[in-house]
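Enquirer: The structure follows.
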Amino acid sequence: MNVGIRSTGIYIPNQKMTSKELAEQSGLPIEVIEQKMGIKEKPLPGPDDHTCAMGVEAAKEAIDRAGINPTDIDLVIYIGEEHKEYPLWTAAIKLQQEVGAINAWAFDVALRCGTTIMAIKMAKDMMIADETIKTVLLAGGYRNVDFINYQNPRTRFMYNLGAGGGAIILERDINRNVVLGSHLITDGSFSEDVVVTAGGTKNPITVDNLQAGKYQLDVLDPKGMKERLEEKSIKNFLECIRKALTKSGYSQEDIDYVAMLHMKRSAHHYVLDELGVSSEKSIYLENYGHIGQIDQIISLQLADQQGMLKKGDIVVLVSAGIGYAWGANVIRWG
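The opening position of the sequence shown corresponds to residue 202 in the numbering used here, with each subsequent residue numbered one higher.
In structure tokens:
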């Protein structure tokens, strides 16, 4: 039984932050922003670009590109961020309503920037296990840029955060863009390194906390986190990719395209070099920044639109998310 990608959809806000503006706000040289961080510009949310709403726009595009009726969708999985229109709110049900998937049921999943990779695996497994689930919509939005203070050097590695929405329609029993193996790694030693320090049960929102800037992303142990990430991160990236390929019956020599999250330019090229993949087989998202779990969808859709993918190509989707989680899916394209 095959599960394949029927279509994708993306939504990118019109508002942008340029490298010059980011340099001015952060006090960093523009050369560092563009060359080291790899940001020429990134989208920012406009007044109506709410998290679930951006997922709705992406989902509508995916439905149009698939040429299906929304009533044919059996399951809606929200893959966007928890930072959304309301707290304690199941966004998938709103998304289901907005796209007209009246015959579906819906739920949310979360693994930070690893959510899309995890959800593709989960959806495929569910479709294989339950014959009543034939068509699945994965969709969501991301605007964690709201939590970035450009004056906080501890969060400098997150200055690339942007905003946008993405969607994927998966379908059972189609021999097209077939989802093959997946592999994920999570490491709880990083679980409290990157947090919004106020707003949860440990430290509720108060006037004092807001005035102190605690309702923002922060790194509690920057030195320790950096040391542990340097030891584990690239190794786990490569392990996820290689094990996902092995589960799919392929090796890294078979890779034709890598849809990778946005990260600093040197890390992007290092991963490709370790895999023996040329830079022409990946798109560096320097005009998008890091839109969380939407990155892989953007990269995949851009590659498809630019004619970079052909029938039979082996495509690898790669993610990493704070917490920390790494993941990879393998797709046989066409």
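Beta carbons: idealized from backbone N, C-alpha and C, even for Gly. It should be emphasised that the depicted structure is a prediction, and the values quoted were computed from it without experimental measurement.
Who are P244's beta bridge partners in DSSP?
Expert: For P244, which the question treats as bridged, DSSP gives the partners K217.
Enquirer: Report yes if the CB atom of P244 is closer than 8 Å to the CB atom of A413, and no otherwise.
Expert: No; because the gap between Cβ atoms is not below 8 Å, this pair is not in contact.
Enquirer: Helix, strand or coil for E372 per DSSP?
Expert: Note: E372 maps to strand in three-state DSSP.
Enquirer: Give the range of the beta strand (DSSP E) segment to which Y212 is assigned.
Expert: Run containing Y212: V204 to Y212, per the beta strand (DSSP E) assignment.
Enquirer: Please state if the CB of I498 and the CB of V516 are separated by a distance shorter than 8 Å.
Expert: No, they are not a contact pair.
Enquirer: Would you identify the three-state DSSP class for Y458, choosing helix, strand or coil?
Expert: In this structure, Y458 counts as strand in the three-state DSSP scheme.
Enquirer: For S147, count neighbouring C-beta atoms within 10 Å of its own C-beta (all shown protein chains included) and say buried if the count is 16 or more, exposed if not.
Expert: With the chain represented from 202 up to 535, any question about residue 147 goes unanswered, as that position is not in the structure.
Enquirer: Could you tell me which residues DSSP pairs with S383 in its beta bridges?
Expert: N530.
Enquirer: What is the rounded straight-line gap between the Cα of T333 and the Cα of E286?
Expert: Using only the alpha carbons, I get a separation of about 31 Å.
Enquirer: Counting only runs of 4+ residues fully inside the stretch 435 to 489, write out the alpha helix (DSSP H) ranges in chain order.
Expert: Segments of the alpha helix (DSSP H) lying fully in the stretch 435 to 489: 466 to 476.
Enquirer: Look at the Cβ atom of L518, then the Cβ atom of L501, and state whether they are nearer than 8 Å.
Expert: In this structure, L501 lies closer than 8 Å to L518 by Cβ.
Enquirer: Which ranges does the beta strand (DSSP E) cover as unbroken runs of at least 3 residues, wholly within the stretch 306 to 355, from first to last along the chain?
Expert: Qualifying beta strand (DSSP E) stretches, in chain order: 306 to 309 and 336 to 343.
Enquirer: Locate the beta strand (DSSP E) running through A259, then write down its first and last residues.
Expert: Counting along the chain, A259 falls outside any beta strand (DSSP E), though it belongs to the alpha helix (DSSP H) covering T252 to A267.
Enquirer: Is the beta carbon of L339 less than 8 Å from the beta carbon of A368?
Expert: Result yes, Cβ atoms of L339 and A368 sit closer than 8 Å.
Enquirer: Buried or exposed for W290, please, with buried defined as at least 16 other CB atoms from any protein chain shown within 10 angstroms of its CB.
Expert: Exposed, because fewer than 16 other Cβ atoms sit within 10 Å of the Cβ of W290.
Enquirer: Taking its Cβ as the centre, do 16 or more other Cβ atoms sit within 10 Å of A460, making it buried, or is it exposed?
Expert: Burial call: buried.
Enquirer: Residue range of the alpha helix (DSSP H) that S500 falls in?
Expert: Looking at the DSSP string, the run of the alpha helix (DSSP H) that includes S500 is D496 to Q506.
Enquirer: State the start and end residues of the unbroken beta strand (DSSP E) segment that holds V233.
Expert: Where V233 is concerned, there is no enclosing beta strand (DSSP E), given that its DSSP letter is neither H nor E.
Enquirer: Tell me which residues share the same chain as F391 and place their Cβ nearer than 8 Å to its Cβ, disregarding the 5 neighbours each side in the sequence.
Expert: Excluding sequence neighbours, F391 sits near M426, R429, L430, I523, G524 and Y525.
Enquirer: Based on the DSSP secondary-structure assignment, which residues constitute the bridge partners of L296?
Expert: Answer is none; L296 lacks a bridge partner.
Enquirer: Report yes or no: do three or more beta-carbon pairs, one from the stretch 253 to 266 and one from the stretch 205 to 221, lie closer than 8 Å?
Expert: Segments in contact, yes.
Enquirer: Tell me which residues share the same chain as G400 and place their Cβ nearer than 7 Å to its Cβ, disregarding the 5 neighbours each side in the sequence.
Expert: Closer than 7 Å at Cβ, skipping near neighbours: I406 and Y416.
Enquirer: Express the C-alpha separation of M464 and Y471 in angstroms, rounding to a whole number.
Expert: Taking the straight line joining both Cα atoms gives about 11 Å.
Enquirer: Where does Q297 land, buried or exposed, given buried means 16+ other C-beta within 10 angstroms?
Expert: Buried is the call here.
Enquirer: For R377, count the other beta carbons within 10 Å of its own beta carbon; 16 or more makes it buried, fewer makes it exposed. Which is it?
Expert: Exposed is the call here.
Enquirer: For the putative contact between V514 and Y458, defined by C-beta atoms under 8 Å, what is the C-beta separation to the nearest angstrom?
Expert: For clarity, residue 514 is Asp in the given sequence; the question names Val instead. Indeed, because the Cβ distance is near 6 Å, the residues count as touching under 8 Å.
Enquirer: Less than 8 Å between the beta carbons of S227 and Y351, yes or no?
Expert: Going by C-beta atoms, S227 is nearer than 8 Å to Y351.
Enquirer: Looking only at C-alpha atoms, which of M218, A468 and I495 sits nearest to Q236?
Expert: It is A468 whose Cα lies nearest to the Cα of Q236.
Enquirer: Please state whether the Cβ-Cβ distance between V277 and A307 is less than 8 Å.
Expert: Going by C-beta atoms, V277 is nearer than 8 Å to A307.
Enquirer: Taking the alpha helix (DSSP H) that D409 belongs to, which residues open and close that run?
Expert: That run of the alpha helix (DSSP H) goes V408 to Q412.
Enquirer: Skipping 5 residues on each side, what residues in its chain have a beta carbon closer than 7 Å to that of P271?
Expert: Around P271: I264, V300, G301 and A302.
Enquirer: In whole angstroms, what is the alpha-carbon distance linking L411 and Q453?
Expert: Whole-angstrom Cα-Cα distance: 48 Å.
Enquirer: Got a sec, what are the start and stop residues for the beta strand (DSSP E) G522 sits in?
Expert: Start and end: I515 to G522.
Enquirer: Which of the three DSSP states is assigned to D275 in this structure?
Expert: Three-state DSSP puts D275 in coil, outside helix and strand.
Enquirer: May I have the straight-line CA-CA distance separating G477 from V257, to the nearest angstrom?
Expert: For G477 and V257, the distance between alpha carbons rounds to 37 Å.
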